[in-house]
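First up is the structure itself, then whatever we jot down about it.
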Amino acid sequence: MKSFLEVLKEKIIVFDGATGTHLQGQNLTADDFGGEYLNGCNEYLVISKPSAVELVHKDYLEAGADVIETDSFGSMSIVLAEYNLADRAYELSFKAAQIAKRVANDFSTPDKPRFVAGSMGPTTKLPSLGHIKFKDMAKSYQEQARGLVEGGADVLCVETCQDILQTKAALYGIVECFEEARRRVPIITSVTVEAMGTLLLGTEISAALTSLEPYDVDVIGMNCATGPAEMSEHVRVLCSSSPKPVFVMPNAGIPENVGGHAHYKLTPAELAQYMTHFVKDLGVSVVGGCCGTTKEHIRQLANAVGGLAPKHREIDFVPSASSLYQTASLSINPPPVLIGERTNANGSKLFKDLLAKEDWEGIVAMGRDAVKDGAHMADVCAAYVGRNEVQDMREIIYRFNTQVQLPIVIDSTEANVIEESLQLIGGKAIINSINLEDGEKRIDDVVPLCKKYGAAVIALTIDEQGMAKTAEKKLAIAKRIFDLCVNKYKMRPHDLIFDTLTFTLGSGDEEFRRAGMETIEAIRLIKKELPAVKTILGVSNISFGLSAHMRHVLNSVFLHYAIEAGLDMAIVHASKIMPLYKIDEKGRELARQLIFDERRYEEVAA
Amino acid sequence: MNNKTFKVTYDPLTELMAYYADKKGEKKEKAARAGTVEERLKNRIIDGDRVEMQADLDEAMKKYQPLDIINTILLDGMKVVGELFGSGQMQLPFVLQSAETMKTAVAYLEKFMDKADATTKGVFIIATVKGDVHDIGKNLVDIILTNNGYKVVNLGIKCAVETMLQAAKENNAHAIGMSGLLVKSTLIMKENLEVMNEQGITIPVVLGGAALTRRYVEQDMRTIYKGKVFYANDAFDGLHFIERVVTGKLEYPTGSAFDHDDEDDKLTGTEAKIAAAVREDERYKREGKGERESGRVGDERSNVSQNVAIPKAPFLGSKIIDEVPLDLVFQYVNEVALIRGQWQVRKGKLKEDEYRKMLEEKVYPDLEQLKIKVKSEKLLQPKVVYGYFPCQSAGNDLIIYHDDMKSERLRFTFPRQTDDRHLCLSDYFASVDSGKMDVVAFHLVTMGKVASEHSAKLFAANNYKDYLYFHGLSVESAEALAELWHKRIREELGIAGKDAKELKRLFSQGYQGSRYSFGYPACPNLEDQTKLFELLDGERIGVHLTEEFSLEPEQSTNAIIVHHPEARYFNIK
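As they're listed, the protein sequences go chains A and B.
Remember, our numbering sits 13 above the position in the first sequence when you count from 1.
Remember, our numbering sits 59 above the position in the second sequence when you count from 1.
As structure tokens, then:
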């Protein structure tokens, strides 16, 4: 029998229709639910009236669905606690999968294998708003996933996601479950785009994609909230930019309140028509129906697209970072991507003062100002002698996640600070940074976090001997780090950003005369030898020790040549640089000569 | 060890410190601005300097109408800002600073402006498309149109097409303008047009933004959208567009290359060729020839004649021409493309005789002076490498043979039209089956490294006007040399008998055969230039093919030259 992933490559996969709508249609009594206090707890029907659940599955399989979803939308402890059933999460999840698998097996043939998808809903809590802690949520999902997989689910479907941080917690839990069981099943993540055009918390579909794409998920898509017409714009975005197959499961239109009941207007023929358009023209691979869709909807849907092969999509995938709201590319034209550095305890006196006063709102205002300053991302560093870095970062990052539109660069050397921060960020963050100063330990500590939380990472060209001085040495370190991250830890090269670092030219020290040109050359070498990675540079170090105006000039000219060499991103405040044309020709030329060490000599006899 | 040591005689660090010893950046910036009031205001925009600007504006108003100050002086400054930004010499924050200064100036001038026309001339919806936050250009459109008596509904940034359509409906709008700076925004615009098609909406649309090209809009977007869609290069283009919408004069240009309105005047050499290809297609369809061809499928050959005379090549292989007299090259410069396209000296609202007078009194003298300077200082150094090669076609392939005319040297594969005439570049050559050996020519021309270096020098020295003039002339000279050498090749092949007598007509294919540059619709694959380089070895005349397959120096161009009498530009969808 073919696996789910094999079939996914060959044909359009058709999911089932609404579970809740079907159950409601069966006119179940409080007794069927196992008593008055459980009335409406669909997840408990797997115990109290399994035949009702079997009927749902049977109807959809008869209609031609390839996949049925388990009756487990809310079968995790967080939700079941509301019915005092928290301790039965594993049991209910296991049962739900077991029932579905049994019915699916009755219908499955080698020509048309049927699969069971373990349904994992969004729960009733939003971690981005502080309703629940990331780890607690992840644990609840881990338990549900274990029940579903052990009960026989072929696929896990994290669906109806409203807060990307919740989705990340679910994925964290699922990965823990897989690691424990030493096996994995395919994962689908599906977000819900509200009629207003974003997820409930304001996430744009492109930002959701950026956050979820780094994970080992097999299918990415959207379900619920609206009918297919309202979804079409977002489906287009997904189909044009998602490297993973696309899943779409609309409602039968936007529900209208008719006599106190949700009434769905979209007819089976209309649904089939829209979905045919999505499949044939846009390249959607997995379809199904959410709220309000019936057996007839699925029958017509399966007839229309069930036999089609997936369309080849041209994908325009751009490596990016994201905030809870927006996505931001790791390279822009014209370069560079600017990383705001003011929200940094080592860089800004104002920030340090606000931190000392624990003026969190003031710090948030600084983060917002970074947008006005033209920054594309915000570097956040709370390492301040005498203060508790973990606690401070928690306060700041939690606020930044929802109040600052920019992707966050977590600037810390401590693995625990980094992990606590990642648990508060809905977007795809960048970790700043790793290096080989103490051998491979730091990489061993931090890089697995990138994988687990879907983050990119900045790597400094420092090894056991210290900061590399020559371009060749910088390249060698970059290659060594690349090998560890990509081959050992399976990071994707496009999530690696190398910082080639520089020393100041301001000291006139013979040892550092070539620092600027070596840094620039290193950028060129890294872009050439490791073309998929990005490069970054803290620009103002080059001019440390010089007068303010000279710093301005030297920073700007240095940045210009670094960009010419292929620099993608720069950590710099707009006030520390100026456009080249504003520097007079002589100043520019002298700065260039300084960077490229064009001293002149005269031979003298010793 | 060596018994000699070295003493440093010049240290840039010491020099730099000495140079800036008495300069406190701040002080320098605050110094009073020099120059005429026009220069001062323009520089204020470029530098984003609003401090005490009012005095300069008041002074300017003694000489000019407020609207003229905006249209000429201030917008000139913004144009420079745009160029600096586009060439990577100015980062976004500074661009924003300039835009804000512009806004402050306009807000001040508006108080003195005549807003007598209470009735609006028309209603225009504008927005930055979904996923894009860049609105400088769009807001300029707002300013210009509002001050010209139009009602502008500015929907802001990240705007979904649904919102635009709703606003258009509510305001009974004449047209919609979509803007965006990002490359992905051009895709969003395309999707928006598709959505409008789905809903049966045909309101006129104008598209603008840095990542857009005229070619993309006129070639791709127009085939998609069922209503009319135009490209706007700047705010004034947008104004021109809406004027034509409300006066009912919005039509796509048709006819020959030199029989058109302002719209086509802006086409530079490259774009004019594309437009010619599109027009050729349209003409073919109008004449009903398209239908006769329907039914061709797959790689089936077009009906291009197979029994044409094959000219004799004067030699086989390639040849270098190290020096071409600049006077001869200049004769072939397309002055329309140079002056209106590159230099952007346009007729605008001037009357025909006023415009001619301006050209005669200002522009042509500038051009002549520039030519003299270029010649005396050898700022352009034209070189050519070209050659003839035995070849045959096989389906979509053009096979190039070694001089033995037997063994294959390399082959090109060209795309074929899927509709229309089913044309493919290879069809213009005798096929392998015919048993005849055909000939193809290639050429690569350049204005030399000095052209790029001098351009860069002018730009770096803030000489924007000199830069614009010289750069424009250098680019058009490369085109001219290509045209000139194409003529030489026709003469050598003995097919120049059909050349148009009037030089101008040569620019619109007034000759036998055709010249196709790589990257254009008929031979879109830029990578094919590596094959051209293998045949001609362009490095010998100092031209280098970059990793992205563009030519260095920029003032270079190359082409495959076809002698077939039916060969014309054509479009591939």
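Glycine included, each C-beta is placed from N, C-alpha and C at the ideal position.
When Cβ-Cβ separations below 9 Å define contact, B/Asp70 makes contact with chain A.
Using a CB distance below 9 Å, no part of the region 421-441 of chain A faces chain B.
Nearest CB-CB separation between A/Arg249 and chain B: below the 9 Å threshold. Annotated three-state conformation of B/Met120 is helix, per DSSP. Pairing A/Gln436 with A/Pro506, the inter-Cα distance amounts to about 23 Å. The three-state reading of DSSP puts B/Ala186 in strand, counting E and B together. A/His565 is the residue among A/His565, A/Lys482, A/Gly387, A/Tyr287 whose C-alpha sits nearest the C-alpha of A/Ile590.
Contact between B/Ser238 and B/Lys197 holds: their C-beta atoms lie close to 4 Å from each other, under 8 Å. Buried is the label assigned to B/Arg627, since at least 16 other Cβ atoms lie within 10 Å of its Cβ. Taking a contact as a CB-CB distance under 8 Å, the pair B/Leu204 and B/Phe183 counts as one, their CB atoms being some 6 Å apart. Of the candidates A/Asn359, A/Tyr96, A/Val318, A/Lys257, the residue whose Cα lies closest to the Cα of A/Ile328 is A/Lys257. Straight-line spacing of the CA atoms in A/Gly479 and A/Thr216 works out to 42 Å. Contact annotation, A/Met530 with B/Tyr79: C-beta distance approximately 21 Å; criterion of less than 8 Å not satisfied. Here the alpha carbons of B/Thr589 and B/Phe608 stand approximately 8 Å from one another. Assignment of beta-bridge partners to B/Asp135 by DSSP yields no partner. Here the alpha carbon of A/Gly210 sits roughly 18 Å from the alpha carbon of A/Glu172. The three-state secondary structure of B/Val367, taken from DSSP, is coil. When the five nearest sequence neighbours on each side are left out, the beta carbons in the same chain lying within less than 7 Å of the beta carbon of A/Ser335 are those of Ala220, Thr223, Ser224, Ala341, Pro420, Gly440, Lys441, in order along the chain.
In its chain, beyond the 5 residues on either side, Thr517, Gly519, Ser520 have a beta carbon closer than 7 Å to the beta carbon of A/Gly558. Non-local beta-carbon contacts of A/Ala428 in its own chain, meaning distances under 6 Å to residues more than five positions away in sequence, involve Asp458, Val459 in chain order. Contact between A/Arg159 and A/Cys252 does not hold, since their C-beta atoms are separated by about 33 Å, which reaches or exceeds 8 Å. With a cutoff of 9 Å on beta-carbon distance, A/Ala130 and A/Val162 are scored as not near each other. When the Cα atoms are used, A/Lys148 and A/Tyr411 turn out to be separated by approximately 15 Å. A straight line joining the alpha-carbon of A/Thr289 with that of A/Leu497 spans about 45 Å.
Following the DSSP letters along the chain, one finds B/Arg468 inside the beta strand (DSSP E) bounded by residues 467-472. For the set B/Arg415, B/Lys495, B/Val443, B/Leu426, the Cα lying nearest the Cα of B/Pro449 is the one of B/Lys495.
Under the Cβ criterion of 9 Å, B/Glu512 is not counted among the residues facing chain A. Ranking A/Met582, A/Phe107, A/Glu577, A/Thr34 by CA distance to the CA of A/Pro268 puts A/Thr34 first. Under DSSP, B/Met496 takes part in no beta bridge, so it has no partner. Taking 9 Å as the CB threshold, B/Leu387 stays off the interface with chain A.
Assignment of A/Met262 by DSSP, reduced to helix, strand and coil, places it in the strand class.
With contacts defined as CB atoms closer than 9 Å, A/Val398 and A/Asn357 fail to qualify as a contacting pair. The three-state reading of DSSP puts B/His603 in strand, counting E and B together. Only residues of its own chain outside the window of five on either side were considered, and among them Val220 have a CB closer than 6 Å to the CB of B/Asn251, listed in chain order. With respect to chain A, the C-beta atom of B/Ala158 has no partner C-beta closer than 9 Å. In this structure the region 291-300 of chain A lies against the region 239-255 of chain A, because at least three pairs of beta carbons, one per stretch, are closer than 8 Å.
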